[in-house]
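Under the numbering used here, the first residue of the sequence shown carries the number 5, and numbering increases by one thereafter.
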Amino acid sequence: MMFDTNFGSSGMSGISNIGRPPYSFLRLDNQSPTPVPFTPDAFFGPGIPHQAKAIHCLDHGEVVCAVTINNATHQIYTGGKGTVKLWDLNSTTSNQSPNCGGSSGQSIITNKTCITSLECLQRDKYIRSIKLTQDGRTLVVGGESSILSIWDLGQASPHPKSELTFTAPACYALAVSPDSKLCFSCCSNGNIGVWDIHNRILVRQYQGHAEGASCVDIRPDGTRLWSGGLDKTVRCWDLREHCQISQVDLSAQIFSLGYCPTGDWLAVGLETDQVEVKENSSVLSCDISLDDKLLVTGSGDRKATVYEIIY
């Protein structure tokens, strides 16, 4: 589902479904959102990807609930049960096997070798989110534990910097401010924690979601933050005034959302529908490189897969 990021406080619950539920809406000033279909030619043309080809398999060994790409070093981090593993896409240590990524045909996919493992949170607790600061020197890890784990990546090898504790049983999602000073943690109690990464303290909490805050994204200029919740709401927060400024009520729990770089749209993933990727198991997490050339997915069959995006 996509909608204008300048939405007001009124919801969309009154929109009727015609056949397949609409997933794109146009909202004009003082008017209700109207479903907008995509024309067939919207999916073809220069700059529009038409294929994602699996090129690397990262055999994590546990269900992969979180992934992120370090664009500066061309490395990938995968989060499983109590462990974050680091993979170097430039490494020559690898072997090949057909169809590791679940793609059709007999394409050859490189199996990369893990170069290091980071023990995070508790060994029996799944990691739900991993985020890098903009400079790629700090890693923040959250999951099914009342701890955020902070790692220093600026040395020869990663080492733990600190642990930040909170009262909620779990952290579902993380975001880092563009200046790398603040971290936002979406917690299972519905609160969003705002952390000073450098001083390692909780600055404030945003309260609003009646159930768990499940996903989050931040505007590139660092002035607004969007959060989605299991209470079926999307909320927009002003990071300068530290208050909620708008809300959209939807018909299902929100599992994911993403802010459009142009600032015009916010895409929201609901529990009632899915994005299909050719994997052998559930796709639990994904990240895309800044140059839009690589996509990495984490899945329930204990691995991550790196795709080359073909235009």
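Just so it is clear, CB atoms sit at the ideal spot from N, CA and C, and this is done for glycine as well.
With fewer than 16 other CB atoms across the displayed protein chains lying within 10 angstroms of its CB, CYS247 is exposed.
When VAL310, LEU30, LEU168 and GLU245 are compared, the shortest CA-CA separation from LEU143 is found for LEU168.
In this structure, DSSP gives PRO44 a helical state, which the three-state scheme calls helix.
The shortest C-alpha to C-alpha distance from GLU275 to any of SER289, TRP269, SER260 and CYS264 is the one to SER260. Shown here, CYS264 sits in coil according to DSSP, grouped into three states, outside any helix or strand. Listed in chain order, the beta strand (DSSP E) elements of length 3 or more contained wholly in the region 153-219 are 163-169, 175-180, 186-191, 196-200 and 205-210.
When the beta-carbon positions are compared, SER95 and CYS124 stay at least 9 Å from each other. Setting aside the 5 residues that flank it on each side, ALA174 is surrounded in the same chain by GLU148 and SER192, each with a C-beta closer than 6 Å to its C-beta; the list follows chain order.
Between the beta-carbon of ILE196 and that of CYS187 there is about 11 Å, and that puts the pair past the 8 Å contact cut. DSSP places TYR130 in no beta strand (DSSP E); its state is neither H nor E.
Around the beta carbon of THR237, a 10 Å sphere encloses 16 or more other beta carbons of the protein chains shown; the residue is thus reported as buried. Selection TRP199, THR117, SER181 and PRO164 evaluated against ASP139 yields SER181 as nearest (Cα-Cα). Counting only residues of its own chain and dropping the five nearest sequence neighbours on each side, ALA172 has a CB closer than 7 Å to the CB of SER150, CYS191, SER192, ASN193 and ASN195.
Counting only the Cα atoms, TYR176 lies some 15 Å from TYR210.
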